[in-house]
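> Here it is, the structure, as structure tokens.
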Amino acid sequence: MAASTSLGGVKTRPHRGTLSAAFALLPILIVILLMLPEPVALAASSVLEIEPPSEADAHHPSATPSEKLLSRDKADDRDDSAGAANKTAQAAKDEQSKDADDSDDSDDIDATSNHAAASGGNAKSHDDADDDDDDDDDDQVASKNSSVPGTAAAADSSAVGNDKSSTSVQRDDADDDSDDDDDDDEVAHAPVVKDGPGLETRVDRETDSDGNDTITTSTVASTFVGDYLVGLRKDVVAAHDPLGSERAEASLISIHKDLSETFALSGAFGSYRTLNYNDFVGSFQAQWHAGDWSISAGITRDLLAKSAQSIRSNIRQTDFGLIASYDLTKHLSSDFEFHHRIYSDGNSSNDLAFSPVYEFALEKSQFDVGYSFNYRSFAMKAEHGYYDPRRLISNGLIATWKFDHDGYYGNVEASEGRADIKGASGGLGAANSAMCTSMVATLGLRPRKDMVVEGYWGGEWSAGWSSNALGLKIRYSF
């Protein structure tokens with residue numbers, strides 16, 4: 491027993507010595523760990539900072555796939571460096587090494603899932619960008635069909651930057667602006683409704699300071715016969731002046747044919763009759779549209795039913811006309827018009843007009859500012875109830891405001907200018923040079939999708955002469 495006890499004492503004393511030495515060295519080890527350099531401490535803590543990014547970070551627009559992949563590679567490098575630093579401690583304990591390997595594998599899985607989420611977020615952003623491009627294409631097509639193309643190109647040209655994130659944001663803003671501008675251009679520039687199959691009735695009345703009072707009623711019915719648009723028109727004019735009343739009626743058949751997308755022909759023929767006369771009337775017109783150009787040329791023969799005096803004198807006119815329109819820029823257009831008329835009383839005239847117009851696209855409306863030049867000359871003074879100055883030159887400014895909404899539309903036009911007049915015989919116009927002012931206001935309603943009710947009022951004032959006009963139109967489309 492003594493031997494065994496001494497033997498146990500021999501084994502116990504070395505064990506206690508080892509524990510005492512360990513407790514003595516423990517404070518020294520703690521001090522050494524506290525005195526380690528800061529980079530080593532940061533490297534150790536960086537292993538704990540590798541966490542999956544939030545969902546918002548994964549879909550951030552500035553995070554490109556290459557940046558996400560680079561971040562993952564750096565995280566893997568930090569994991570490897572951290573594993574090398576702790577390699578000795580992990581080798582001492584197999585179980586701890588196994589747990590550490592499992593932790594590294596889970597970190598790699600998390601990093602891989604984060605990269606996939608980032609790639610998915612970026613793929614979504616690319617799909618959204620493609621959708622925006624499709625919308626821009628639709629807006630460009632609408633702008634082309636529209637009278638005023640949009641300013642998408644100008645908006646896109648301003649979206650330039652070196653940083654990818656700022657560039658994408660600028661492009662998004664530019665697309666939004668261009669979409670807003672295109673929406674405004676679509677409302678402001680409402681497509682002109684072409685005459686198609688339908689039934690239309692209108693009444694117009696015009697009076698002036700010389701005592702002329704003229705009422706015109708018109709009825710038009712049109713329909714398609716094959717590829718031809720065929721119409722029937724009936725006009726009735728009742729005119730009154732200080733000398734009495736006159737009446738005239740005209741009936742016409744019209745035919746219109748689109749030979750191609752850019753070229754069309756129109757023709758009409760019929761007859762008129764008054765209390766004392768009757769004769770034939772007709773017209774032929776060619777229309778061409780290509781690019782920014784629109785040209786129309788034709789010849790028309792009709793009764794000059796401007797007043798009771800012109801109807802009483804049985805004045806017919808043959809009009810050779812040329813009309814051209816060209817869009818100089820996206821907002822600047824110009825109209826040119828020339829007419830040479832031959833009258834049945836031996837008179838003739840030349841009429842030249844030129845008007846450039848600049849268009850401002852406003853919210854849900856459009857504002858136009860233009861300049862108007864007009865030259866007119868007659869071969870002689872006829873005094874047969876139509877305005878026949880030997881020479882007239884006018885210059886003026888024109889302002890027009892247009893709007894078009896779902897259930898109604900309209901415009902207001904005002905002009906002011908000076909007319910230099912020589913040799914006018916009076917009647918239906920100013921006799922002397924003077925400032926001239928005119929205004930026209932139109933309001934249309936759409937009570938139904940296939941029905942339009944439109945009314946207008948117009949007036950013209952100059953020194954010694956004035957006129958007023960009223961009109962109402964009802965159209966039903968088939």
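If you want the numbering used here, it's the 1-based position in the sequence shown plus 490.
Backbone N, C-alpha and C define an ideal beta-carbon position, used for all residues, glycine too.
#1: Need the endpoints of the beta strand (DSSP E) that residue 908 sits in, please.
#2: Per DSSP, what kind of secondary structure is residue 750 in: helix, strand or coil?
#3: Taking the straight line between their C-alpha atoms, what separation do you get for residue 833 and residue 806?
#4: Could you say if the region 944-955 and the region 915-934 meet the contact criterion of at least three C-beta pairs nearer than 8 Å?
#5: Given 8 Å as the limit, is there contact between the region 913-927 and the region 870-889, that is, 3 or more CB pairs closer than that?
#6: Spatial neighbours of residue 813 within its chain, please: C-beta separation below 6 Å, excluding the five flanking residues on both sides.
#7: Could you tell me the alpha carbon to alpha carbon distance between residue 778 and residue 733, rounded to whole angstroms?
#8: Please determine, among 928, 757, 900, the residue with the shortest C-alpha to C-alpha distance to residue 959.
#9: State the CB to CB distance for the pair residue 720 and residue 712, rounded to an integer number of angstroms; the pair is presumed to be in contact (CB under 8 Å).
#10: Decide yes or no for the touch test of the region 815-822 against the region 788-805: beta carbon pairs closer than 8 Å, at least 3 of them.
#11: May I have a chain-ordered list of the beta strand (DSSP E) segments no shorter than 3 residues that lie completely inside the region 764-825?
#12: What is the DSSP secondary structure of residue 885, counted as helix, strand or coil?
#13: First and last residue of the beta strand (DSSP E) that includes residue 730?
#14: Does the Cβ of residue 952 have 16 or more other Cβ atoms within 10 Å, making it buried, or fewer, making it exposed?
#15: How about residue 885 and residue 907: do their beta carbons lie closer than 7 Å?
#16: Once you ignore the five residues that flank residue 701 on each side, which residues in its own chain have a CB closer than 7 Å to its CB?
#17: Would DSSP call residue 757 helix, strand or coil?
#18: Measuring alpha carbon to alpha carbon, tell me which of 793, 788, 870 ends up nearest residue 838.
#19: To which residues of the same chain is residue 704 closer than 6 Å at the C-beta, ignoring the five residues directly before and after it?
#20: Which residue from 846, 763, 817, 757 puts its Cα closest to that of residue 741?
#21: Under a three-way DSSP split, which group does residue 954 fall into?
#22: How big is the Cα-Cα spacing for residue 956 and residue 926?
#23: According to DSSP, simplified to helix, strand and coil, what is residue 935?
#24: Compare the Cα-Cα distances from residue 889 to each of 791, 795, 857 and report the closest residue.
#25: Is residue 727 closer than 7 Å to residue 795 when the C-beta atoms are compared?
#26: Which two residues bound the contiguous beta strand (DSSP E) that contains residue 696?
#27: Classify residue 780 as buried or exposed, calling it buried when 16 or more other Cβ atoms lie within 10 Å of its own Cβ.
#28: Between 892, 911, 745, which has its C-alpha nearest residue 904's C-alpha?
#29: What would DSSP say about residue 959, mapped onto helix, strand or coil?
#30: When you compare each of 691, 782, 829 to residue 789 by their alpha carbons, which one comes out closest?
#31: Count the other CB atoms, across all protein chains shown, that sit within 10 Å of the CB of residue 911; report buried if there are 16 or more and exposed otherwise.
#32: Closest to residue 771 by C-alpha separation, out of 735, 743, 756, 939, would be which residue?
#33: Should residue 938 go down as buried or exposed, given a rule of 16 or more other Cβ atoms within 10 Å for buried?
#34: With residue 847 and residue 860 assumed to form a contact (beta carbons below 8 Å), what rounded beta-carbon distance in angstroms separates them?
#35: Between which residues of its own chain and residue 862 is the CB-CB distance below 6 Å, once the five residues before and five after are set aside?
#36: Using C-beta distances below 7 Å, list every residue in its chain close to residue 774, excluding the 5 sequence neighbours before and after it, in chain order.
The relevant details are as follows:
#1: In the sequence shown, the residue the question calls residue 908 occupies position 418. Taken as a continuous stretch (DSSP letters only), the beta strand (DSSP E) holding residue 908 covers 898-912.
#2: Walking along the sequence shown from the start, residue 750 turns up at place 260. Residue 750: coil per DSSP, three-state reduction.
#3: Position 343 of the sequence shown holds residue 833. Position 316 of the sequence shown holds residue 806. So the alpha carbons of these two residues sit roughly 6 Å apart.
#4: yes
#5: yes
#6: On the sequence shown, position 323 is the one that residue 813 refers to. Within the same chain, residue 813 has close Cβ partners 786, 827.
#7: Locating residue 778 in the sequence shown gives position 288, counting from the first residue. Locating residue 733 in the sequence shown gives position 243, counting from the first residue. Whole-angstrom Cα-Cα distance: 45 Å.
#8: In the sequence shown, residue 959 corresponds to position 469, counting from 1. Ranking the options by Cα distance to residue 959, first place goes to 928.
#9: Position 230 of the sequence shown, counting from 1, holds the residue named residue 720. Position 222 of the sequence shown, counting from 1, holds the residue named residue 712. Yes, they are in contact, since the Cβ atoms of residue 720 and residue 712 sit about 7 Å apart, within 8 Å.
#10: no
#11: 768-780, 783-793, 806-817
#12: Walking along the sequence shown from the start, residue 885 turns up at place 395. Strand.
#13: Taking the sequence shown and counting its residues from 1, the one referred to as residue 730 is at position 240. Start and end: 718-731.
#14: Here residue 952 refers to the residue found at position 462 of the sequence shown. Residue 952 comes out buried.
#15: In the sequence shown, counting from the first residue as 1, residue 885 sits at position 395. In the sequence shown, counting from the first residue as 1, residue 907 sits at position 417. A contact, by the Cβ cut-off of 7 Å.
#16: What you label residue 701 is simply residue 211 of the sequence shown in a count that begins at 1. Cβ neighbours of residue 701 beyond the five flanking positions: 731, 732.
#17: Here residue 757 is taken as the residue at index 267 of the sequence shown, counted from 1. If DSSP states are grouped into helix, strand and coil, residue 757 belongs with the strands.
#18: Translated into positions along the sequence shown, residue 838 becomes position 348. It is 870 whose Cα lies nearest to the Cα of residue 838.
#19: In the sequence shown, counting from the first residue as 1, residue 704 sits at position 214. Only 696, 729 meet the Cβ criterion.
#20: The residue given as residue 741 occupies position 251 in the sequence shown. For the residues 846, 763, 817, 757, the minimum Cα distance to residue 741 belongs to 763.
#21: Taking the sequence shown and counting its residues from 1, one reaches residue 954 at position 464. Reduced to three states, the DSSP call for residue 954 is coil.
#22: Working through the sequence shown from its first residue, we reach residue 956 at position 466. Working through the sequence shown from its first residue, we reach residue 926 at position 436. Residue 956 and residue 926: Cα-Cα distance of roughly 10 Å.
#23: Numbered from its first residue, the sequence shown carries residue 935 at position 445. Strand, per DSSP.
#24: As a first step, residue 889 must be located in the sequence shown, where it is residue number 399. The candidate whose alpha carbon is nearest that of residue 889 is 857.
#25: Counting from one through the sequence shown, the residue named residue 795 turns up at place 305. Counting from one through the sequence shown, the residue named residue 727 turns up at place 237. Against a cut-off of 7 Å, the Cβ pair of residue 727 and residue 795 comes out as a contact.
#26: On the sequence shown, residue 696 is found 206 positions in, with the first residue counted as 1. 688-698 is the span of the beta strand (DSSP E), which, as asked, contains residue 696.
#27: The sequence position of residue 780 within the sequence shown is 290, counting from 1. Exposed, since its Cβ has fewer than 16 Cβ neighbours within 10 Å.
#28: In the sequence shown, residue 904 corresponds to position 414, counting from 1. The shortest C-alpha separation from residue 904 is found at 892.
#29: By one-based count along the sequence shown, residue 959 stands at place 469. In this structure, residue 959 counts as strand in the three-state DSSP scheme.
#30: Looking up residue 789 in the sequence shown gives position 299. Closest by alpha carbon: 829.
#31: Indexing the sequence shown from 1 puts residue 911 at position 421. By the neighbour-count rule (16 or more Cβ atoms within 10 Å), residue 911 is buried.
#32: Your numbering for residue 771 matches position 281 in the sequence shown. Of 735, 743, 756, 939, the residue nearest in Cα terms is 743.
#33: By one-based count along the sequence shown, residue 938 stands at place 448. Answer is exposed; the Cβ neighbour count stays below 16.
#34: Indexing the sequence shown from 1 puts residue 847 at position 357. Indexing the sequence shown from 1 puts residue 860 at position 370. About 4 Å; that satisfies the 8 Å criterion.
#35: Against the sequence shown, residue 862 aligns to sequence position 372. Around residue 862: 845, 886, 888.
#36: Within the sequence shown, the letter at position 284 stands for residue 774. Excluding sequence neighbours, residue 774 sits near 757, 788, 789.
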